[in-house]
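To keep things clear, I will list the structure first and then write my remarks on it.
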Amino acid sequence: MKKLPVLSLLLWVCAVYFVGIYLFVGGFLLVRLEVNRTSTCGDVLQPGEEPADFCRVRPRFRRAVLLIIDALKIDFAWFDPNNTSPRPYENKLPVLEETVTSRPSHSRLYPFRADPPTTTMQRIKGFTTGSLPTFVDVGNNFASSAILEDNLIHQFGQVGKRVVFMGDDTWENLFPKKFHRSLPFPSFNVKDLHTVDNGILQHLYSTMVGEDWDVLVAHFLGVDHCGHRFGPDHPAMADKLTQMDGVIRSVIDRLQNDTLLVVMGDHGMTDTGDHGGESQKETDAAIFLYSPSPLFPGPPTQSEPDVVPQTDLVPTLALLLGVPIPYSSVGQVLLPVFPPHGQTGGAVGGLSQLEALWINAKQVNRFLETYSGMAKDIPPESLSQLKSEFSRLSSDYLATVRDGRPPSPRLAASLQAYLTSVRATCRATWARFNPLKMAAGLAILAFACLTCFIVSELSLVLIRESGPGLKPPVAVAFIAGVCVAVVQIGKQGYVEASWCLAAAALSSELLFLWRARRYRAVPVEKNGSKALKSPSWLTPRRLLIPPLLVPLLRCASLLSDSYVIAEGRAVTFLVFSLALYIPIHLNWDGLLLPPSHDPLKAAGFLPSPALSPSTVRKESGTLLACLGVLVGSLYLSLSFHACREEQGSCQPSPFLSPLARLQDNQLKNLHYVLSVLSLGLWTYLLKRCLRHYGNLNASSGAVFTARWILPLTSVCLALHWAVGATPEDSFRNLSELIGLAQLALPRAAFCLLGLGLFLIWLDPLTVFIKPKATTPTRGQSQTPPRYRASTGISTQAELHHLIPQIYQRMRRSLDDGEQVVGSEVDSSPAVKAYGLGTVYSAPLLLFCGMLGIGLLLLHPEGMALSFLLLLLEMGALLHMHASSTTLRGLHGTFSADFNVPWTPVVLWSLAATQFFHATGHLPTFPSIQWGAAFVGFPDGHTGTVLPASLVTLNTFASHILFSVGCPLLLFWPLVREVRGSRGGRACGDEGEDAVMEMRLRENPQRFTAALLQLATRYLFILGAQVFSSVCAAAILRRHLMVWKVFAPKLMFEASGFLVSSVSLLIGVALVLRVDVAVGGWFKRLIPEASR
Amino acid sequence: MWDHEIRAMASAHAIIAASVFMATVLPAAAVQGFSVYGTHLLWLYSVSGAVTAVSVAVFWLLGITPPTKKHTVGYKLSRLFRSCLYFFLSCLFFHTVVVLYGAPLIESALETFSLSVLLTSLTTLRCLCVLGPNVQAWIRVFSRHGAMSVWDTGLQITVACTLVGAWIGAFPIPLDWDRPWQVWPVSCSLGATIGFLTGLVAAPAWIHSHRKQLTYKCK
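Line order of the protein sequences matches chains S and Z.
Just so you know, my numbering puts 1093 at position 1049 of the first sequence, and the rest follows in order with no gaps.
Just so you know, my numbering puts 22 at position 8 of the second sequence, and the rest follows in order with no gaps.
So this is what it looks like as structure tokens:
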């Protein structure tokens, strides 16, 4: 068997796909250039003749306290005195309302609207730099997370203000060495509600009393973590908010007259306590401004803004504290805090409304000029419009100032309008794409899909090495890549890696396709019998069959936002339809029912059936029973879906929340028992299946894994769930032990899992051989071996004859329900081999099972049920495929090839998507189950690689399982063959050999070809889905829903493809590894036997 | 070859199609406030009733139904009883399938069941008329070589068209267009009806165009 061509072809196809995805994503995700200039005090921002130093002027406030309460939603801040039965998150911050009503000119409470993405780091960036975020913030360097753009903290440092920071350690990464004093606390562990807050409270009051600070930033995380852990509607949230109320009160008591207090949330949260998206619940935080000295000219008036955008905090704070506005801020000053013209002066000092607006407008105009000089992405017409608007405003303003007239209110209004329009223009511009890269990515992906399809059709030819080889395309790819690189160096002086990759991928694809096309005509001339096989691909009749129509529908559905939103149900619908198609199609071909009293047969219309009626009846029964199981698990899997925010009346599955969140003890116990039962059933079913095929008798690593490591891991998992579900308050004296168990149990499970997978890889054979003196015969007399290995021929030939012989015996002994293979080779002692028939599928199945348990560990406990459904559905699909293959008689004859038809492959790949949804995942960023990163690491991580990979494993669990298990589709019809023939044919019918998977060894070339075909077919279906979501993103890039639906879908689909293809390669590699091991085993067996 | 039968089929189909049309138009004239979307269930029952009555009458008049072996009243009654039972069982079967396809289980059970009644009257009823209450024969007729007469081929085509129509009818449901015909089960029943009408037209046309290739084994 040729291993290298299979792996190299698959690797090449995957690499081409990856390049296409990389190029497209590079062109699609938006880029905003960071302007690396900073504002200085000398900037001529002041009106008037004298170029005064801006920072010299006495600012309105000397000091400021910024209390950032993470995820302080505006709903938490409102106070409704009429609400008699408040929810846990309502009416818990009365201090804000009391202050606003009792001291109206000292304080205000506004909704504070964040720009999506509403994640903490992006938000801190937003309200310190005043700029707008792009979809994925592409800075000048990825290596450091520090903010390089001009920002408030930097400006405070410039004028010598001492910034003291305490709280969320994200700040420390964003502003390294910028603080006068810094007390960061770890933020990553969302289960920890109190460490950060208590750490701040220890130091906050003592710091405030001292004189060692000018700006104090305190970032509380408790509310956000409480939301993530329990959701807003939980008593813990009430406690946390009440605590925050107390904090705000104490801070207000300690404020001095020259100090400004800002209490704000960086983002809101959804009803489940998550954030990251752009729904109003996530974007609307609260901001509360207060000062002991009058801050506002009077009580709230009609002109108050309804909502304050988050960027507006930057210029407001800068001007109130007397520092220059950061260079790239596009915010607008909050007008109510500045006195109207003519009321300035006096003791307060500071700027009037008009002056503040003027400074702000000048700064924004300067940024716009700089930015348009650096990047050409702002449309020139809107740029010139903005510029002329500004020059008109500035002449108006200067005339007003020169004449000393009282300014017209119209001027202030048009300045405001100017600032708003700049902000709108920037927002529209930073949604720009690189169409060239997108087109290249699309083309590469389209050709990759075509290549994949052709490879799958030509797999046999490719393996025979008479077809288009891989060497020329790879060589051409290399040459093309280097050429482009050289040209780039010559023209631009630097190399852009993406274009080199694009040239390489495209050229190799095109060369391969061209060679394949040229090749297509050859076999017709050379060999008439092959003509049927190769040339007829790509005709519409062959392509418009239901198994390919269903993926087409699936791909088409990715182009509509409604179907992406309802994806879970849509995919289930398609799986169900295609599953129903199998028996209907079989019936259409007249294969589902035994042609018993068929008058046609007698008349010679039909060929005499290959299978006896009882076999047909049995197989049809199996098929329909499996269809029942499949449909049942499909239906039940619908109840594990989570909900998107777009789905209005949708209840997320109760199994999705971790046990610790459940408050009803009885329900908790019920869920726990259900989960443990399904886990036990998962383990039992796996072991049962392996035992049934006699794979548990050997003493190899894989068997050890199946017998001991698998159950042990399950026990670890069950204990881990039990420990995780215990409420924190009970068993106080055991808390240390519980903490230890939370750490040790999942880690032990991880270790066992790693050990198990390693052992399977190292020693995958599950065959047990035992030489024995006498063969126990059960009922039947020993028939002499039909194939006698004559002594004169080589070992290889001997091998060919030996295998069927072993299997004759094996099948005979199958009647006892025990898999014994007895063989006599030249009257030497007989050899007994257990489990040879499933030598390939057993390790793969075990691998999948172990992997499944590991992935289950990363999920909430309730998902055990869903994983059990996954296993059942996998089994049902495999059995259906096997039965329909048997009914079609594809494997009835000895020389049949092992090709897997499209229908099961399509079902398999759709089931992966279906269980992506049925394990509680959604293609949206807020729905990522971050909790997975803390399994076994309750105290958080130091790096980012480990948590990222844990979350990836959690998110794409079903993709991984189905991809690794994909080669099972090839083996299962062979595994099932024995049982079919046992039930059907007469027992004494020794002419037919039931050699199960040993058939594959008899025909290694076809085996390899079928494996390659299966893998490329699977990759084709996945790749087509990626291509279609890429198309959706490209075509609908100006669609209303692009950032909410299509872009996240594209990211999930692309990463799903990445993970799937890697897992598929692992699965294929495992099969090849087993093949090597089987080869070695035979080599050992032959000399022993012939000696 | 079978010009006579094709003509008979075409006229029978025309009558059935006309009955669907009348079942839509007549209640609109007679009943106040009748509309296909607004009073959908009423329309649905009216169509199912009309199709049931007309098909039974037409096929009985044409004498397509396989001759019974015994001519006793008791046997005929039991046949009638079995037909009714199969009709009801088929409603339940369609209901189950539709629920498994994703229809709400409890909320709009009446709507779902009405859809399954419609599907039954468009598909199973025809099987009952053409093949009699014999499930084995029903299953066998849906195979490549299963059709034994022009009527069997017509049955294959209409049933397939109806079911595919209902299947396609489910596609617009998730779309966010907020149209009255997207409400469950309007699009599916409309799809089934349109599919049925297409089948009625397509069956004689297809058989006519393929009459040279068709060969039937005599019963």
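Just so you know, even glycine gets a beta-carbon here, dropped at the ideal spot from N, CA and C.
Quick caveat, the model's predicted, so the values are computed rather than measured.
Exercise for review: With DSSP collapsed to three states, give me the class of S/Gly201.
Suggested key: helix
Check your understanding: Are the CB atoms of S/Pro948 and S/Lys235 nearer to each other than 8 Å?
Key -> no
**Study point:** Cut-off 6 Å between Cβ atoms - residues of its own chain near S/Ala962, not counting five sequence neighbours on either side
**Key:** Ser681, Phe684, Ser910
Review point. Going by C-alpha distance, which of S/Cys493, S/Ala329, S/Val1070 is nearest S/Asp310?
Key: S/Ala329
Exercise for review: Measure the alpha-carbon distance for S/Val377 versus Z/Arg193 and round it to whole angstroms.
Suggested key: 45 Å
Exercise for review: Drop a sphere of 10 angstroms on the beta-carbon of S/Gly783, count the other beta-carbons inside from all chains shown, and report buried for 16 or more, exposed for fewer.
Suggested key: exposed
Exercise for review: Identify whether S/Leu227 lies in helix, strand or coil by the three-state DSSP scheme.
Suggested key: strand
Review point. With a cut-off of 8 Å, does the C-beta of Z/Ser163 fall near any C-beta of chain S?
Key: no
Exercise for review: Determine the contact status of S/Lys136 and S/Leu248, defining contact as a CB-CB distance below 8 Å.
Suggested key: no
Exercise for review: Count the other CB atoms, across all protein chains shown, that sit within 10 Å of the CB of S/Cys1079; report buried if there are 16 or more and exposed otherwise.
Suggested key: Rather than Cys, the amino acid found at residue 1079 of chain S in this sequence is Ile. With fewer than 16 Cβ atoms within 10 Å of its Cβ, S/Ile1079 is classed as exposed.
Practice item. Spatial neighbours of S/Val1118 within its chain, please: CB distance less than 6 Å, with the 5 preceding and 5 following residues excluded, ordered by chain position. Key: Pro808, Tyr884, Pro887
Review point. With respect to 7 Å, is the separation between the Cβ of S/Leu333 and the closest non-hydrogen atom of the ligand ATP below this value?
Key: The ligand ATP is not part of the structure shown, which contains no ligands of any sort.
Exercise for review: Give me the Cβ distance between S/Met281 and S/Pro155, rounded to the nearest whole Å; I'm assuming they're in contact under 8 Å.
Suggested key: With 8 Å as the limit, S/Met281 and S/Pro155 do not qualify as a contact, their Cβ atoms being about 19 Å apart.
Review point. If we count Cβ pairs, one from each stretch, closer than 8 Å, do we get three or more for the segment 456-468 of chain S versus the segment 424-434 of chain S?
Key: yes
Review point. Is DSSP giving S/Gly320 helix, strand or coil here?
Key: coil
Review point. Mind pulling the chain Z residues with CB within less than 8 Å of S/Val675?
Key: Leu114
Point to revise | Cross-chain neighbours of Z/Leu169 in chain S, by beta carbon under 8 Å | key: Chain S residues near Z/Leu169: none, gap ~14 Å exceeds 8 Å.
Review point. To the nearest angstrom, how far is it from the Cα of S/Thr1052 to the Cα of S/Pro1011?
Key: 11 Å
Exercise for review: Enumerate in chain order the residues of its own chain whose CB-to-CB distance from S/Leu1056 is below 6 Å, with the five nearest sequence positions on each side excluded.
Suggested key: Val50, Ser503
Check your understanding: Among residues of its own chain, excluding the 5 on either side of Z/Ile187, which ones have a beta-carbon nearer than 7 Å to its beta-carbon?
Key -> Gln196, Trp198, Ser201
Exercise for review: Would you check if the distance between the CB atom of S/Lys1077 and the CB atom of S/Leu1094 is smaller than 8 Å?
Suggested key: As written in the sequence, residue 1077 of chain S is Ala, which differs from the Lys given in the question. Yes.
Review point. When DSSP labels each residue in this structure, what does S/Ala329 get in the three-state scheme?
Key: strand
Point to revise | Sequence-distant residues of its chain with Cβ nearer than 6 Å to S/Asn195 (five each side left out) | key: Thr172, Thr173, Pro370
Point to revise | Nearest neighbour of S/Glu142, chosen from S/Pro638, S/Arg293, S/Leu667 [CA to CA] | key: S/Arg293
Exercise for review: Name, please, each residue of chain Z whose Cβ falls closer than 9 Å to the Cβ of S/Arg613.
Suggested key: Gly116, Pro188
Point to revise | CB contact flag (S/Ser677, S/Leu913, <8 Å) | key: yes
Review point. Do the CB positions of S/Gly375 and S/Leu398 come within less than 8 Å of each other?
Key: no
Check your understanding: What residues in its chain sit with their C-beta under 6 Å from that of Z/Ser128, if we drop five residues either side in the sequence?
Key -> Leu55, Leu58
Review point. From the beta carbon of Z/Trp198, is the nearest beta carbon of chain S less than 8 Å away?
Key: no
Check your understanding: So what does DSSP say about S/Arg147, is it helix, strand or coil?
Key -> coil
Practice item. Say whether chain S places a C-beta atom closer than 8 Å to the C-beta of Z/Phe156. Key: yes
**Study point:** Proximity of S/Ser372 and S/Ser175 at Cβ, strictly below 8 Å
**Key:** yes
Check your understanding: Where does S/Ile113 land, buried or exposed, given buried means 16+ other C-beta within 10 angstroms?
Key -> buried
Practice item. For S/Val1008, count neighbouring Cβ atoms within 10 angstroms of its own Cβ and tell me buried if that reaches 16, exposed if not. Key: buried
Check your understanding: Do you know offhand how far S/Gly936's Cα is from S/Val944's?
Key -> Only weak support is given to the placement of S/Gly936: the predicted model assigns it a pLDDT of 48, under 50, and the question is left unresolved by the model.
Practice item. Could you tell me the boundaries of the beta strand (DSSP E) in which S/Asp194 lies? Key: Premise fails: S/Asp194 is in no beta strand (DSSP E) and is neither H nor E.
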